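Asks:
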Amino acid sequence: MATAAAAAGLVVAGVTAATAAAAAVVTVLMARRVVTPVAVRDEDVRVVSVDLAAGEIRLESSPESAMTGRYGFWFDRESGHARLGDVLADDGRTVRRAVPSVDFGRLDRARRGRMNGWYYLGPWELGHRYENVLVETALGPAPAWHIPAETPGPNWIVQVHGRGAKRHEALRAVDTAREAGWDSLLVSYRNDGEAPDSVDRRYGLGGTEWADVVAAVRYAVEHGAERVVLMGWSMGGAISLQAVLRSDEVRERLVGIVLDSPAIDWSDILRFQGTLQRLPHPIGDLTTRLLGTDAAVMLTGLAAPIDLEGLDVIAHADELDVPMLLMHSVDDGFVPIDGSRRLAAARPDLVDFEVFEGARHTKLWNHDPERWMALLRRFLDRQADAAPAEDLIDDEIVG
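In my numbering, the protein residues as written are 60 to 458.
Structure below.
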């Protein structure tokens with residue numbers, strides 16, 4: 060009996076140790092994935108058939124392929140691109156969509172692809188005058204697009220794209236901003252594939268990239284901006300908020316913040332991502348803890364640990380002092396809306412919280428462009444004559 064009990068104890072201990080080891084491996088893999096820039100995105104939509112003569116494509120039905128609206132569609136590992144129009148039919152198994160154009164590549168030979176919210180491939184497609192400019196950052200010059208308003212003036216909106224994206228993501232906002240009288244500056248930042256890389260070539264989840272947004276605001280001010288609105292998409296929202304919280308230089312000219320599907324609470328996001336990957340619930344929390352330890356440097360390639368608690372915007376919500384337009388979908392599917400809800404609840408005096416339904420991550424414009432553009436236009440119109448903090452400080456000194 061004693062021998063049997065001892066053997067059973069060893070088996071249990073072995074299973075527990077094996078489980079712990081497996082959890083440790085998965086945690087490291089998840090931590091490494093979240094901070095490592097994506098070279099090529101997953102092609103998660105299966106192409107069933109293509110009829111170029113009819114201008115149609117049939118895709119296997121999924122939450123992404125069945126989205127209403129118009130989208131870009133990348134295929135053949137980013138070597139092909141087409142524009143997809145709205146859904147023509149959906150029988151629950153396959154989705155038939157219009158194909159307005161194939162920009163490059165052989166769509167008729169594609170077997171898989173991915174839906175993309177950035178419908179435009181470059182500012183030249185918008186038909187407006189634009190400039191290729193360079194923003195001087197601490198790591199070197201970062202490329203950006205400057206697209207002036209119809210009548211250029213002192214109001215600039217600085218656009219900050221999300222994780223795994225590029226400045227093209229923000230082209231959807233340009234027409235609305237331009238019509239409202241705002242210049243647009245679409246920026247790049249460290250490790251996004253366009254701006255200079257940091258030493259570790261890893262994302263800081265907002266904790267390092269914010270410095271590049273400060274440089275972008277400085278560029279805008281040096282070129283005539285008197286009022287600045289920061290607009291962040293997904294992780295770009297986290298980056299923008301860190302720039303506001305950490306930089307007096309940004310706050311001096313800031314009159315508003317716009318957030319589209321923002322990454323507000325990284326702990327929530329990591330837990331949600333773990334659930335999507337069918338990982339045990341504790342993995343998300345373990346990943347959060349790992350990223351904040353010295354071990355993260357060795358295990359993920361980070362130059363320094365990431366203090367996710369220090370990136371908690373809600374804990375510092377009382378330091379925000381400009382109006383904010385916050386747009387998020389309950390059906391985001393990538394970044395849960397919970398963090399946005401908590402930020403809106405923490406500062407109801409500042410936050411105009413607009414909840415969408417049916418839209419996937421950073422695809423609010425695609426899903427409901429009329430509502431999205433109307434919200435952005437109304438917000439920019441309200442801030443067009445707002446006094447930036449610098450002017451308020453000067454008035455107090457004179458007073």
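Every residue gets a Cβ at the ideal spot worked out from N, C-alpha and C, and that includes glycine.
Small disclaimer: the values here were computed from a predicted structure and weren't measured.
Go ahead and label Phe331 buried or exposed: buried means 16 or more other beta carbons lie within 10 angstroms of its beta carbon, across all protein chains shown.
Replies: The residue given as residue 331 occupies position 272 in the sequence shown. Buried is the call here.
Asks: Under 8 Å, with one C-beta from each stretch per pair, do the segment 225–240 and the segment 257–271 reach the 3-pair mark?
Replies: The answer is no - the segment 257–271 does not touch the segment 225–240, with fewer than three Cβ pairs under 8 Å.
Asks: Can Ala355 and Pro364 be called in contact, C-beta distance under 7 Å?
Replies: The sequence position of residue 355 within the sequence shown is 296, counting from 1. The sequence position of residue 364 within the sequence shown is 305, counting from 1. Their beta carbons are under 7 Å apart, which means Ala355 touches Pro364 by this criterion.
Asks: Suppose the cutoff is 8 Å on Cβ atoms and the five residues either side in sequence are ignored; what does the same chain contact list for Thr86 look like?
Replies: Numbered from 1 along the sequence shown, position 27 holds the residue referred to as residue 86. Hits under 8 Å: Ile342, Leu345, Thr346 and Leu349.
Asks: Using a Cβ-Cβ cutoff of less than 6 Å, which residues in the same chain neighbour Arg170 once the five nearest sequence positions on both sides are dropped?
Replies: As a first step, residue 170 must be located in the sequence shown, where it is residue number 111. Once the five neighbours on either side are set aside, the close Cβ partners of Arg170 are Val106.
Asks: DSSP state of Tyr189, grouped into three classes?
Replies: Your numbering for residue 189 matches position 130 in the sequence shown. It is coil, neither helix nor strand.
Asks: Roughly how many whole angstroms lie between the Cα atoms of Glu416 and Val394?
Replies: Mapped onto the sequence shown, residue 416 falls at position 357. Mapped onto the sequence shown, residue 394 falls at position 335. Between Glu416 and Val394, the C-alpha separation is close to 14 Å.
Asks: For the segment 278–295 against the segment 219–239, do three or more pairs of beta-carbon atoms, one drawn from each stretch, fall closer than 8 Å, so that the two count as touching?
Replies: Yes: at least three Cβ pairs fall under 8 Å.
Asks: When you compare the CB positions of Ala236 and Ser247, do they come within less than 7 Å of one another, or not?
Replies: Stepping through the sequence shown from its first residue, residue 236 is reached at position 177. Stepping through the sequence shown from its first residue, residue 247 is reached at position 188. Against a cut-off of 7 Å, the Cβ pair of Ser247 and Ala236 comes out as no contact.
Asks: Grouping DSSP H, G and I as helix and E and B as strand, with all else coil, what is Thr210?
Replies: Position 151 of the sequence shown, counting from 1, holds the residue named residue 210. Looking at Thr210 - three-state DSSP - the assignment turns out to be coil, as it is neither helix nor strand.
Asks: Nearest CA to the CA of Ala232: which residue from Ser124, Val381 and Leu434?
Replies: The count along the sequence shown starts at 1 and reaches residue 232 at position 173. Of the listed residues, the one whose Cα sits closest to Ala232 is Leu434.
Asks: Flag this pair as yes or no: are the beta carbons of Tyr189 and Gly131 separated by less than 7 Å?
Replies: In the sequence shown, residue 189 corresponds to position 130, counting from 1. In the sequence shown, residue 131 corresponds to position 72, counting from 1. Going by C-beta atoms, Tyr189 is not nearer than 7 Å to Gly131.
Asks: Per DSSP, Ser299 is paired with what?
Replies: The residue labelled residue 299 in the question sits at position 240 within the sequence shown. DSSP lists no partner for Ser299.
Asks: In three-state DSSP terms, what is Ala141?
Replies: Along the sequence shown, one-based indexing puts residue 141 at 82. Of the three classes helix, strand and coil, the one that applies to Ala141 here is strand, per DSSP.
Asks: Which same chain residues end up closer than 6 Å to Pro200 when comparing Cβ atoms and leaving out the 5 residues on each side of it in sequence?
Replies: Residue mapping note: residue 200 aligns to position 141 of the sequence shown, counting from 1. Within the same chain, Pro200 has close Cβ partners Leu193.
Asks: Let me check understanding here. Comparing Cα to Cα, which of Met357, Leu370, Lys422 and Gly315 lies closest to Arg437?
Replies: Here the question's residue 437 lines up with position 378 in the sequence shown. The shortest C-alpha separation from Arg437 is found at Gly315.
Asks: Taking all protein chains shown into account, do 16 or more other C-beta atoms lie within 10 angstroms of the C-beta of Ala418, making it buried, or fewer, making it exposed?
Replies: Looking up residue 418 in the sequence shown gives position 359. By the 10 Å Cβ count, Ala418 comes out buried.
Asks: Within this structure, are the beta carbons of Ser120 and Arg152 separated by less than 7 Å?
Replies: In the sequence shown, residue 120 corresponds to position 61, counting from 1. In the sequence shown, residue 152 corresponds to position 93, counting from 1. Their beta carbons are under 7 Å apart, which means Ser120 touches Arg152 by this criterion.
Asks: One question on the structure: do Ala141 and Leu166 come within less than 7 Å of each other, judged by their Cβ atoms?
Replies: In the sequence shown, the residue the question calls residue 141 occupies position 82. In the sequence shown, the residue the question calls residue 166 occupies position 107. Closer than 7 Å, so yes.
Asks: How long is the line joining the alpha carbons of Ile456 and Ala284, rounded to whole angstroms?
Replies: Residue 456 sits at position 397 when you count from the first residue of the sequence shown. Residue 284 sits at position 225 when you count from the first residue of the sequence shown. With a pLDDT of only 44 at Ile456, under 50, the local geometry of the prediction cannot be trusted, and the value read off the model is given with reservation. Rounded to the nearest angstrom, the two C-alpha atoms are 22 Å apart.
Asks: Return helix, strand or coil for Arg226, following the three-state DSSP convention.
Replies: As a position in the sequence shown, residue 226 is number 167, starting the count at 1. It is helical.
Asks: I need the straight-line Cα distance from Asp150 to Asp103, nearest angstrom please.
Replies: Along the sequence shown, one-based indexing puts residue 150 at 91. Along the sequence shown, one-based indexing puts residue 103 at 44. Approximately 19 Å between the Cα atoms of the pair.
Asks: Once the 5 residues before and after Ile396 are set aside, which same chain residues still bring their CB inside 6 Å of it?
Replies: Position 337 of the sequence shown, counting from 1, holds the residue named residue 396. These residues qualify, in order along the chain: His387 and Val389.
Asks: Would you tell me roughly how many angstroms separate the C-alpha atoms of Asp319 and Arg286, rounded to the nearest one?
Replies: By 1-based counting over the sequence shown, the position of residue 319 is 260. By 1-based counting over the sequence shown, the position of residue 286 is 227. Whole-angstrom Cα-Cα distance: 20 Å.
Asks: Using DSSP with H/G/I as helix, E/B as strand and the rest coil, what is Arg117?
Replies: For the purposes of this step, residue 117 is taken as residue 58 along the sequence shown, with counting starting at 1. Of the three classes helix, strand and coil, the one that applies to Arg117 here is strand, per DSSP.
Asks: Hey, how far is the Cα of Glu368 from the Cα of Leu143?
Replies: Locating residue 368 in the sequence shown gives position 309, where the first residue counts as 1. Locating residue 143 in the sequence shown gives position 84, where the first residue counts as 1. If I take the Cα positions, the gap works out to 40 Å.
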